[in-house]
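One structure below.
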Amino acid sequence: MKNIPLTEALFYILLSLRKPNHGYGIIREVEELTKGRVVLGPGTLYGAIQTMMEKGWIRIYSEETDSRKKKLYIITDVGVGVFREEKMRLEELLANAVIFEEE
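Each residue of the sequence shown is one higher than the one before, counting from 1434 in the numbering used here.
Laid out in structure tokens, this is it:
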């Protein structure tokens, strides 16, 4: 499928949307999951969110109506499929990497 390989940012954003999450929550969770190795800037995050919404990988879960209009996003079934394909690809890479250790 031409949706993979995913960039590391897309992989972690999809992972962080397994439950409803907002932009700042996504940034914090990705940083926590990667122990600070991946830090998403707002431009990167919201550009990725826009792209993934257009592809149908994520959707708006809810939107507050106050002045800040905080949006919660969640992964869709299509996004889950893309994530699982990437996970399988990465598992194959790691399984094949064992060959290097055996030689």
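Cβ coordinates follow ideal geometry from the N, Cα and C atoms, glycine included.
Assignment of N1529 by DSSP, reduced to helix, strand and coil, places it in the helix class.
A buried status is given to I1446, since no fewer than 16 other beta-carbon atoms sit within 10 Å of its beta-carbon.
Per DSSP, reduced to three states, the secondary structure at R1522 is helical. Taking the Cα of E1497 as reference, the smallest distance to any Cα among T1484, Y1506, K1520 and E1518 is reached at Y1506. Burial is judged here by how many other beta carbons sit within 10 angstroms of a residue's own beta carbon; I1460 has at least 16 and is buried. Membership of R1492 in the beta strand (DSSP E) is indicated by the continuous run I1491 to E1496.
Around the C-beta of E1462, 16 or more other C-beta atoms lie within 10 Å, and the residue is accordingly described as buried.
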